[in-house]
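The structure appears below as structure tokens.
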Amino acid sequence: MCGICGYTGSRQAADILIDGLKKLEYRGYDSAGIAISHGTSVAIRKNCGRVSVLKSICRESPVEGACGIGHTRWATHGEASTLNSHPHTNLSGTIAVVHNGIIENHTELRSFLCDKGYRFVSQTDTEVIPHLIDYYYRESFDYLGAVRCAVSDLKGSFAIAVLCSDYPGKIMAVSYHSPLVVGIGESENYLSSDINALSGKTDKMYILDDGEIAAVTAEGVSVYDKNGNAVDKEIHQTDLQTENADSGAYGHYMLKEIYQQPHVLRQMISTHIFADKPTLFGELEYGDIKDTERIFIIGCGTAYHAACVGKYIIEKYAKLAVEADVSSEFRYRNPLIDDKTLVIAITQSGETADTLAAMKLAKEKGAKIIAVTNTPRSSAVRIADFTFLTSAGAEISVASTKAYTAQLASLYIFAVFLAEHIQKEELTLLKNALLRLPKDITATLSLEEKIKDAAKSLVNCEHLYYIGRGADSVTADEGALKMKEITYIHAESYPAGELKHGPIALIDEKSLVVAVSTDKKLHGKTVSNISEVIARGAKVLCISPFDTPDAFCTIKIPQTHGAVSPFTAVAALQLLAYHTALLRGCDVDKPRNLAKSVTVE
Ligand code: F6R
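Its first residue numbered 6, the sequence shown is counted upward by one per residue in the working numbering.
Structure below.
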């Protein structure tokens, strides 16, 4: 969360930083700011709100200078306000810092610094950093040494960039459990917390490892370890993922990305299942995992939902026991892991702090790790033994859609990969269903007008309940998550059979229940649950290929092979959330309080 960028060269830094912040805005958009070396001082422009507001401020009150750092914030400590926004400075305003991550010992450091006479103006954990650097700098007037000492006092995870007025063209950058890369240009250099945000600027970079400090000037980059010894860094040269240029005729990235799903899935399924020489699951070979006794699939939020569907599919086809777990729980619950354990970590961004920590833990205990990610060169890729790239293309909308179905597809591909070694017949049916899937999703998307109409019934609801059985209960979870994150309506989901064990007490005539029912064998059971809520006054909207006469509306999605219905049903629920959000006037692509990449735990 939060985005950091930096520039030092001969061009005006402000424009370059604002352009960089625009590309990083998906990481947090509470506030934005820049600091520029301006003669022998450091000039700051910052504001509460979006990068576009910062841009207007910089237009009204321009700041000249060819070296600077920038930040877009997702608030952790202290409300979203101009005062709390980055950069933060020391008292004399000669040292400016932007920070991504959390300083866990900021309270102790604050009181240490207060005892030394330092005053604080913000509620952030970050503000201790410029004061600490100031404290050490006064002792030695050694810029690198001061940054190194300050950083060694910090506990937590952080990426920071520092400007000091005594060193006008030099940025100090540190990465510790939070990514930061230095982009190498011609007589100019860059800094970014996301590799892809360097696209269009340079394709050469240093990726900072934990604890490394980079001293970046226009002329060159020196990297040091935590003891101050120079490090010989490898230059990475790489094609960068360019973002979806704009949302085009769709108006919103979310809608565009929903409609990209048939294409993404067609590509993945044809490459990994139906090509002459399918690449199956990345570079993984069956021999690498044939001794696996236990599989964990881990992820957060939507990625966790993909893990849950993966459990159903792998258990059904590959006959292996699978546990799906939320990364933030997995990492703290002492899971039973040994060298016969396989951990599949699902993460679109490849930077989710809890998922990375869970991967590291599992690796330490001897497990093999597969990362399923949409982001090449991400931290997840660096930790994993094997990587499966979901190739969904850049997902800009904060609410995940095409990345989710691409995650599902990779787990289905993995199930096929495992099952090829034990069975054929059922598998052929599954493969054929996957082959048809892009068409089935396109048919689901053609129901948009009907779904848009149904959204009118949801728009004024305060509470929504989603129900389903089997894999549909996971699709219900994902539908409810999509609804709450972009419409701010309270939406809860339950396995349909669980309703009468408690939640049904909430149902009354103001309730609206969204029922997902795609499994022919279970449809009758779900219909009984639908009747039970209708008997208590609720209205039911059903997502199903089957008739559901008691529902006030049924979105009749195509009937597919049961195993692939999580794709089609979720596409309908994505559109339902999207249209409800539009009717409520919500900012669909950048919902409140959220960020695309969750780099703090
Ligand atoms: C919801 C959403 C989030 C992410 C979660 C994990 O629409 O996007 O729930 O799925 O933050 O992110 P990644 O996949 O980047 O690890």
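Glycine included, each C-beta is placed from N, C-alpha and C at the ideal position. These figures come from a predicted structure and were not determined experimentally.
8 Å Cβ shell around D208 - same chain, five flanking residues per side excluded: Excluding sequence neighbours, D208 sits near Q242, T243, D244, L245.
Return helix, strand or coil for F551, following the three-state DSSP convention. Looking at F551 - three-state DSSP - the assignment turns out to be coil, as it is neither helix nor strand.
With DSSP run on the structure shown, which of helix, strand or coil describes G38? In the structure shown, G38 adopts extended strand secondary structure according to DSSP, grouped into three states.
Taking 6 Å as the cut-off, is the C-beta of Q353 nearer than that to any heavy atom in the ligand F6R? It does: the Cβ of Q353 is within 6 Å (strictly closer) of some heavy atom of the ligand F6R.
Euclidean distance between Cα positions of P550 and P571: Cα to Cα, the separation comes out at about 12 Å.
In chain order, which alpha helix (DSSP H) runs of at least 4 residues are fully inside the region 425–455? Taking only runs of at least 4 residues, the alpha helix (DSSP H) segments lying wholly in the region 425–455 are 430–450.
Can you give the Cα-Cα distance for S198 and G502, rounded to whole angstroms? Their Cα atoms are separated by approximately 45 Å.
Just confirm the distance between the C-beta atoms of G315 and L442, as a whole number of angstroms; I'd bet it's less than 8 Å. About 16 Å separates the beta carbons of G315 and L442, which is beyond the 8 Å limit, so they are not a contact pair.
With DSSP as the reference, identify every bridge partner of L114, one or two as the case may be. Paired residues: none, contrary to the question.
What is the rounded straight-line gap between the Cα of Y583 and the Cα of G8? Looking at the two C-alpha atoms, the distance is approximately 26 Å.
Out of P135, L578, V464, A280, which has the shortest C-alpha to C-alpha gap to L607? The first residue shown for the chain is 6 and the last is 606, placing residue 607 beyond what the model contains.
Using 10 angstroms around the beta-carbon of Q428, count the other beta-carbons present and answer buried if the total reaches 16, otherwise exposed. Under the 10 Å beta carbon count, Q428 is surrounded by fewer than 16 other beta carbons and is classified as exposed.
For A177, which residues does DSSP report across the bridge? In the sequence under discussion, the amino acid at residue 177 is Met, which differs from the Ala named in the question. Answer is V167, A220.
Excluding five sequence neighbours on each side, which residues of the same chain lie with their C-beta closer than 7 Å to the C-beta of A424? Exclusion of the five residues before and after A424 leaves Y322, A323, L432 as the residues of its chain whose Cβ lies within less than 7 Å of its Cβ.
Bridge partners - K282, DSSP secondary structure assignment: According to DSSP, which records beta bridges pairwise, K282 is partnered with nothing at all.
Does the ligand F6R have a heavy atom nearer than 6 Å to the CB of A308? Yes, the ligand F6R has a heavy atom inside 6 Å of this Cβ.
At which residue ranges does the region 545–595 contain complete beta strand (DSSP E) runs of 3 or more residues, listed in the order of the chain? The region 545–595 contains these whole beta strand (DSSP E) runs: 558–561.
In angstroms with no decimal places, state the Cα-to-Cα distance between D458 and F422. Answer to the nearest angstrom: the Cα atoms are 41 Å apart.
List the residues that DSSP assigns as beta-bridge partners of V327. Its beta-bridge partners are I300.
Would you check whether the ligand F6R has a heavy atom nearer than 6 Å to the C-beta of V605? V605: no, Cβ never under 6 Å from the ligand F6R.
When burial is assigned at 16 or more other CB atoms within 10 Å of the CB, is K407 buried or exposed? So K407 ends up on the buried side.
Three-way DSSP call (helix, strand, coil) for Y291 in this model: Of the three classes helix, strand and coil, the one that applies to Y291 here is helix, per DSSP.
Rounding to the nearest angstrom, what Cα-Cα distance links L581 and S116 in this structure? Spanning the alpha carbons of L581 and S116 requires a straight line of approximately 50 Å.
So does T357 have its beta carbon nearer than 6 Å to some heavy atom of the ligand F6R? Checking the 6 Å criterion, the Cβ of T357 is within range of a heavy atom belonging to the ligand F6R.
Would you say the beta carbon of T360 comes nearer than 6 Å to a heavy atom of the ligand F6R? Checking every heavy atom of the ligand F6R against the Cβ of T360, one is found closer than 6 Å.
Run through DSSP, which three-state label would G315 get? Three-state result, G315: helix.
Spell out a yes or no on whether the region 528–544 and the region 481–493 are touching, meaning 3 or more CB-CB pairs, one atom from each, closer than 8 Å. With a cut-off of 8 Å, the region 481–493 and the region 528–544 do not count as touching, because too few Cβ pairs lie within range.
In the DSSP assignment, what residue or residues form a beta bridge with C91? The sequence given here has His at residue 91, not Cys. Note: H91 sits in no beta bridge, so no partner.
Give the straight-line distance between the Cα atoms of D296 and C558, rounded to the nearest whole angstrom. When rounded, the distance between both Cα atoms is 49 Å.
Can you say whether D359 is buried or exposed, counting buried as having 16 or more other CB atoms within 10 angstroms of its CB? Taking all protein chains in view, the Cβ of D359 is crowded by 16 or more other Cβ atoms within 10 Å, so the residue is classified as buried.
State the beta-bridge partners of K51 as determined by DSSP. Note: K51 sits in a beta bridge opposite G38.
In chain order, what residues of the same chain lie with their CB nearer than 7 Å to the CB of A18, ignoring the 5 residues before and after it? Only Y12, I41, G70, A71, C72, G73 meet the Cβ criterion.
Please name the residue in I374, L366, G398 whose C-alpha comes closest to that of T380. In terms of CA proximity to T380, G398 leads the group I374, L366, G398.
What residues in its chain sit with their C-beta under 7 Å from that of H206, if we drop five residues either side in the sequence? According to the sequence displayed, residue 206 carries Lys and not His. Shown here for K206: same chain residues with a beta carbon closer than 7 Å to its own, the five before and five after excluded, namely G188, G190, Y195 in chain order.
Suppose contacts are defined by Cβ-Cβ distances below 7 Å. Is T99 in contact with K175 by that definition? Taking a C-beta distance under 7 Å as the contact criterion, T99 and K175 do not qualify as a contact pair.
Counterpart residues of T492 in DSSP-defined beta bridges: Paired residues: none, contrary to the question.
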